[in-house]
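First the structure, in the form of structure tokens, and then the observations on it.
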Amino acid sequence: MATTSDLEQSQLLTGALNKAPATDAQQMPLDVVRSRQRSPTTALLAAGLSGAALLLAGVALAATSSGRHGGGLRSAEEPVAASMPGLIEEAAVTPKCAVGRSNCKDSQCCEGSGLQCYEQDGDYAQCRPSCVAGAPDPQHWDGKPWSCKELGSRTAGEPACGKPGQDCTHSHCCADPGLQCFVKNASFATCKAECVAGGPDITDMDSTPWTCEKLGERTPGAQDWVKDQCSSGWESCVKTNCCKVPGEQCHKQNDFFGECKALNSCMTPGWSCEKAGLQTPAPPAKGGKVSPWALQKCGRINEGCTESKCCLGMDVQCYEKASGWAQCKQSCVPGPHADDKNETWSCKPLGPRSYGLATKGSPSLFCFSVLRTVGYEAGLMAAQKAKGAGIFDCDDHMLLTADGTTTVGGEKTVQFTGAPIVTSIDGTAGNTFLFVNAWKVIVGGPKWREHSFTVKGDPD
């Protein structure tokens, strides 16, 4: 019976297992080799096959050696691999479905519901709800266009990533750019722009403090490459398919020219207004409508907040001086404070920053009107107040009169120093100095400081 040496058998066996001319690294382009090297699944598979080869080679040696010594195990002609069913199959590990922004090119499947594995290029693919072919994604880490080739099948159901106010305890992800899933307690988490551990959220339904543990990764916003690669202003965006300015998207005039405009604002005659590429995301909104409990518990600027750990106003936050005292301030630098007898402040934030006293909507608005005590304006303002319209729909408001005072819907106006009304060079009323005096009253008062924006609205 013909026999082969131990070395020859091991060489034959390992050579057969490793023999793969179509995919051998020596025959692949360098970029594909690197892609394979970057893939954890491919590396694991290769390691498994190599390990199997070495193991089988060792078994072959042991089998032939035992046979020569009378063990009667197996002759050299019998295939050793055939005696170990399942060994090769177990070495070829099935890739796991991709999670988050991990590469799904090998697995061609997604862990989350409602997601499809879309290809960007030959090296990378990602699980996402949708994809725009031929355009870069302003939220992705590079500006390469996406082929959007579908790999595998879409997972069943709807995308699970949460919106602000929705629970993200199980999804660990947020749908909107720039948001992070933060934990409140063991039973609830939601997507927010920021969170201060140990403090409440003044937009929350109650004053329970938040742990602010992060679940998953923050949803990316616009990436740095956008400002260098994308279009803006009157530049054509047809070739770039992306816009520099947050909130804008490329709208086409035709196949040869387009401009970046605010979303759904393209109404130019003669334009197709077809959208190209993706909208560049704006920074996430901060703050929100203030809950009733916060109006009762939280401090105002320069007031104490040791117990409540929350403040009301525009750009105000609760800062700790030391154990036992904290105050609502717009900013705080650790160290001695000249306005507090040079006593040392830790300036540790104890709660969230307030972005305006928003009681009706966000961002918060403080509005005022200047009206005359005689004529139709007082009656017109009374009608607006009855309907909650105009400046009365703002979070707070003020009524100013220069020629005395009057009452509008039960509210007395605030008188200010008037100024002569002259005729301007174009024949209209010259009332600049009148309104300068009105603005002085507004700026000198405290109300506007509590809101995000101050708006002047005419009665008519």
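Going by this note's numbering, the first residue of the sequence shown is number 3, and it counts up by one from there.
Even glycine gets a Cβ: it sits at the ideal position worked out from N, Cα and C.
Are the CB atoms of residue i and residue j nearer to each other than 8 Å?
i	j	result
proline 448	glutamate 379	no
histidine 253	lysine 246	no
glycine 353	cysteine 307	yes
valine 335	cysteine 349	yes
threonine 221	cysteine 150	no
glycine 260	cysteine 239	yes
glutamine 416	valine 443	Glutamine is not the amino acid found at residue 416; the sequence shown has valine there. Taking 8 Å as the Cβ cut-off, valine 416 and valine 443 qualify as a contacting pair.
alanine 340	proline 283	no
lysine 311	proline 202	yes
alanine 195	threonine 213	no
aspartate 428	proline 286	no
glycine 136	asparagine 266	no
isoleucine 423	serine 293	no
leucine 280	glutamine 319	no
Give me, in chain order, the residues of the same chain whose beta-carbon lies closer than 8 Å to that of residue i; leave out the 5 immediate sequence neighbours on both sides.
i	result
lysine 146	Gln122, Asp123 and Pro138
asparagine 344	Pro338
serine 274	Lys254, Gln255 and Asn256
lysine 107	Ser41, Cys119, Glu121, Asp125, Tyr126, Ala127 and Leu153
threonine 192	Gly164, Pro166, Gly167, Gln168, Asp169, Cys170, Cys183, Phe184 and Lys186
arginine 36	Residue placement at arginine 36 is flagged as unreliable, the pLDDT there being 36, under the threshold of 50; the coordinate-derived value follows with that caveat. Closer than 8 Å at the Cβ level, and outside the excluded window around arginine 36, lies no residue.
phenylalanine 418	Leu402, Thr403, Ala404, Asn439, Ala440, Lys442 and Val443
glycine 407	It is threonine, not glycine, that sits at residue 407 in the sequence shown. Cβ within range, chain order: Thr375, Lys414, Thr415, Val416 and Gln417.
glycine 465	As shown, the chain starts at 3 and ends at 462. That puts residue 465 outside it, with no answer to give.
Locate the beta strand (DSSP E) running through residue i, then write down its first and last residues.
i	result
alanine 404	Here alanine 404 belongs to no beta strand (DSSP E), and DSSP marks it neither H nor E.
proline 294	No beta strand (DSSP E) holds proline 294; the alpha helix (DSSP H) holding it covers 294-299.
aspartate 317	316-324
phenylalanine 370	367-372
cysteine 119	118-121
glycine 260	260-264
glutamine 251	250-254
glycine 306	Looking at the DSSP string, glycine 306 is not in any beta strand (DSSP E), and its letter there is neither H nor E.
proline 354	Looking at the DSSP string, proline 354 is not in any beta strand (DSSP E), and its letter there is neither H nor E.
histidine 172	Here histidine 172 belongs to no beta strand (DSSP E), and DSSP marks it neither H nor E.
proline 338	337-339
Per DSSP, what kind of secondary structure is residue i in: helix, strand or coil?
i	result
glutamate 345	strand
tryptophan 327	strand
glutamine 386	helix
aspartate 395	helix
aspartate 440	The question names aspartate, but residue 440 in the sequence shown is alanine. Three-state DSSP puts alanine 440 in a helix.
alanine 284	coil
glutamate 152	strand
glutamate 413	strand
lysine 362	coil
glycine 446	helix
phenylalanine 455	strand
glutamate 379	helix
alanine 177	coil
alanine 431	strand
alanine 224	coil
aspartate 462	coil
glutamine 128	strand
alanine 158	coil
lysine 107	coil
valine 424	strand
glycine 136	coil
glycine 235	coil
lysine 241	coil
lysine 350	strand
leucine 57	Unreliable placement is indicated for leucine 57, whose pLDDT of 35 sits below 50; no coordinate value is reported for it.
lysine 146	coil
cysteine 313	strand
lysine 246	coil
Return yes when the C-beta of residue i is under 7 Å from any heavy atom of the ligand FMN, and no when it is not.
i	result
alanine 324	The ligand content of the structure shown is nil, which means the ligand FMN is not present either.
Which residues in the same chain have their Cβ closer than 6 Å to the Cβ of residue i, if we skip the five residues on either side of it in sequence?
i	result
glutamate 160	Gly116
lysine 323	Trp347
glutamate 305	Cys330
glutamate 215	Val185
Excluding sequence positions up to five away, which residues of its chain have a Cβ less than 7 Å from the Cβ of residue i?
i	result
histidine 453	Met316, Gly358, Leu359, Ser366, Leu367, Phe368, Asp397 and Asp398
phenylalanine 394	Gln386 and Lys387
valine 101	Glu113
tryptophan 227	Asp144 and Gly145
alanine 421	Phe435, Leu436 and Asn439
proline 131	Gly116, Leu117 and Pro161
arginine 1	Outside the shown range of the chain, which is 3 to 462, sits residue 1, and nothing can be said about it.
May I ask which residues mark the beginning and end of the alpha helix (DSSP H) holding residue i?
i	result
lysine 229	228-231
### Query
Can you list, in chain order, the stretches of the alpha helix (DSSP H) that have 4 or more residues and sit fully within the stretch 179-215?
none
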